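For the sequence shown, the numbering used here assigns the number 178 to the last residue and increments by one with no breaks.
Down below is the structure, laid out as structure tokens.
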Amino acid sequence: MSERITFKVNGKPITVPKGTRVLEALRQNGIPVPHYCYHPKLSVAGNCRLCMVEAKGPNDKAPRLQISCSLPAAEGMEVFTETETVAQARRGVLEFLLTNHPLDCPICDRVGECRLQDYAFQYAPPHSRYVEEKRVHRYQDLGPHVERDMDRCIICTRCTRFMEEIANY
10 MSERITFKVN GKPITVPKGT RVLEALRQNG IPVPHYCYHP KLSVAGNCRL
60 CMVEAKGPND KAPRLQISCS LPAAEGMEVF TETETVAQAR RGVLEFLLTN
110 HPLDCPICDR VGECRLQDYA FQYAPPHSRY VEEKRVHRYQ DLGPHVERDM
160 DRCIICTRCT RFMEEIANY
């Protein structure tokens, strides 16, 4: 039997196999945390920073912001997913991710089925501080399995990691 550890999430104890990352533990226990670059079949990149939580180790004096996709769960750790600090960090991250993303959701092919759109409605500030013109890019063909629309790219690297790790292209 594998070794298991217990840590707290928002005051509730959770037990998972040792070596489990916090985001995966949260997902397994039905605790929602937004994430974009994470995929269970791909290596952890930690690019999007959306999965930010406050975490406090057993010897830490105060919790600090950390990305949960790369953070290993540890015995006695405390994780907080819904603090004002976390909410503020998510707003800032989403505002940054949307800086160059076109805001044409009503005519996008993914309208209504887009996690970025869902997260923007749920977590992003109502108005962006960025007023610069958005860049225009072309599609990039990444091989026989993936075509990347650079106008919509938020640099999560899921497509390139898929091509390298799964498709071996």
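Don't be surprised by glycine CBs; every beta carbon is placed ideally from N, CA and C.
Note that the structure is a prediction, hence the values are computed from the model and not measured.
Got a sec, what are the start and stop residues for the alpha helix (DSSP H) residue i sits in?
i	result
residue 120	Segment: none, residue 120 is in no alpha helix (DSSP H) and carries neither H nor E.
residue 94	93 to 106
With DSSP collapsed to three states, give me the class of residue i.
i	result
residue 73	strand
residue 167	helix
residue 64	strand
residue 138	coil
residue 30	strand
residue 84	coil
residue 127	helix
State the CB to CB distance for the pair residue i and residue j, rounded to an integer number of angstroms; the pair is presumed to be in contact (CB under 8 Å).
i	j	result
residue 95	residue 31	Not confirmed; about 13 Å, so no contact.
residue 98	residue 159	Rounded, the Cβ-Cβ distance is 26 Å, inconsistent with contact.
Is the distance from the Cβ of residue i to the Cβ of residue j below 8 Å?
i	j	result
residue 74	residue 163	no
residue 19	residue 91	yes
residue 56	residue 165	yes
residue 170	residue 52	yes
residue 157	residue 133	no
residue 81	residue 28	yes
residue 76	residue 58	yes
Could you spell out the range, first to last residue, of the beta strand (DSSP E) harbouring residue i?
i	result
residue 156	156 to 158
residue 13	13 to 18
Which value, in whole angstroms, describes the spacing of the CA atoms of residue i and residue j?
i	j	result
residue 155	residue 71	43 Å
residue 83	residue 23	11 Å
residue 111	residue 151	21 Å
residue 102	residue 46	13 Å
residue 35	residue 109	30 Å
residue 48	residue 124	13 Å
residue 177	residue 12	33 Å
residue 65	residue 117	40 Å
residue 126	residue 114	8 Å
residue 135	residue 172	35 Å
Under a CB-based cut-off of 8 Å, is residue i close to chain D?
i	result
residue 118	No chain D appears in the structure shown, which is made up of a single protein chain.
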